[in-house]
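Have a look at the structure below, then the notes.
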Amino acid sequence: GENVEQHPSTLSVQEGDSAVIKCTYSDSASNYFPWYKQELGKGPQLIIDIRSNVGEKKDQRIAVTLNKTAKHFSLHITETQPEDSAVYFCAACLTSGTYKYIFGTGTRLKVLA
Amino acid sequence: EPEVTQTPSHQVTQMGQEVILRCVPISNHLYFYWYRQILGQKVEFLVSFYNNEISEKSEIFDDQFSVERPDGSNFTLKIRSTKLEDSAMYFCASSEMGAGEQFFGPGTRLTVL
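Residue numbers (my numbering), protein chains in the order written: chain A, 1 to 113; chain B, 1 to 113.
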């Protein structure tokens, strides 16, 4: 069935360092890949997304890369700050039909000051 | 900025009781979703809703669950006879188009005793 694997489950980095979170999806028909940040007690908030016709997308300190052949996509956060500390979820979506998201298992990122 | 709202923020109920979780999606959105997140686990798809009918439902969404859009603004999730394992955070989401960003509400924490 549809599945998204996400690694690592926890990640601690020093402030100013980079953080990388990786996801692998199973459904090759997936063509939309959002990344959500979830802070304690809040709902997930979209931070960046990528569609399958693009290999990389960047927004300031955040970038996402997609390898459709390998069914991998990754989130890169540069110059991390303490406020980046949160749980990050990747998701895969098939942009036809019902558009449901299949989420990864989440990565708890802790940025140490 | 428009946002998805959910009420109540926390619902405590006895096993076997019915609960209704309420959501007000963003006003011009046409696609609506419910997801749940058991404590410490990933966000799981429950159901998608478009044009006043269910588009897709997951295995979790059994006969005890139902959704309704009773008027032009609310979107509800009803659990007819709650079980202990229904305890989770329930997120409502909406999107303007099917193939795009889903905006998540802050969630309702359901505790079944």
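Ideal Cβ positions, reconstructed from N, Cα and C, are used throughout, including at glycine.
For clarity, every value in this text was computed on a predicted model and none was experimentally measured.
When we look at the beta-carbon of residue i and count the other beta-carbons within 10 Å, is it buried (16 or more) or exposed?
i             : result
residue 93/B  : buried
residue 92/A  : buried
residue 113/A : exposed
residue 130/A : The first residue shown for chain A is 1 and the last is 113, placing residue 130/A beyond what the model contains.
residue 19/A  : buried
residue 88/B  : buried
residue 102/B : buried
residue 110/B : buried
residue 48/A  : buried
Are the CB atoms of residue i and residue j nearer to each other than 8 Å?
i             : j             : result
residue 104/B : residue 43/A  : yes
residue 38/A  : residue 87/A  : yes
residue 60/B  : residue 18/B  : no
residue 27/A  : residue 94/A  : yes
residue 45/A  : residue 107/A : no
residue 55/B  : residue 49/B  : yes
residue 6/B   : residue 106/B : yes
residue 64/A  : residue 50/A  : yes
residue 31/B  : residue 98/B  : yes
residue 126/A : residue 33/A  : Chain A is shown from 1 up to 113; residue 126/A falls before or after that span and cannot be answered.
residue 22/B  : residue 90/B  : no
residue 43/B  : residue 89/A  : yes
residue 16/B  : residue 82/B  : yes
residue 25/A  : residue 71/A  : yes
residue 85/A  : residue 21/A  : no
Using a Cβ-Cβ distance cut-off of 8 Å, determine whether residue i contacts chain A.
i            : result
residue 48/B : yes
residue 12/B : no
residue 33/B : yes
residue 68/B : no
residue 99/B : yes
residue 95/B : yes
residue 1/B  : no
residue 42/B : yes
Taking Cβ positions only, does residue i come closer than 8 Å to chain B?
i             : result
residue 22/A  : no
residue 25/A  : no
residue 107/A : no
residue 8/A   : no
residue 115/A : Residue 115/A is absent from the model: chain A starts at 1 and stops at 113.
residue 100/A : yes
With residue i and residue j assumed to form a contact (beta carbons below 8 Å), what rounded beta-carbon distance in angstroms separates them?
i             : j            : result
residue 28/B  : residue 96/B : 6 Å
residue 23/A  : residue 54/A : Not really, about 16 Å apart at Cβ, beyond 8 Å.
residue 24/B  : residue 73/B : 5 Å
residue 105/A : residue 30/A : With a Cβ gap of about 17 Å, residue 105/A and residue 30/A do not count as contacting.
Check your understanding: What residues in the segment 69 to 95 of chain A bring their beta carbon closer than 7 Å to a beta carbon of chain B?
Key -> 89, 95
Point to revise | Proximal residues, the segment 46 to 59 of chain A versus chain B, C-beta separation under 8 Å | key: 46, 49
Practice item. Check distances from the C-beta atoms of the segment 101 to 113 of chain B to those of chain A and list, in chain order, the residues that come in under 8 Å. Key: 101, 102, 103, 104, 105, 106, 107
Check your understanding: Got a sec: which bits of the segment 49 to 65 of chain B sit with their beta carbon under 7 Å from any beta carbon on chain A, in order along the chain?
Key -> 55, 56
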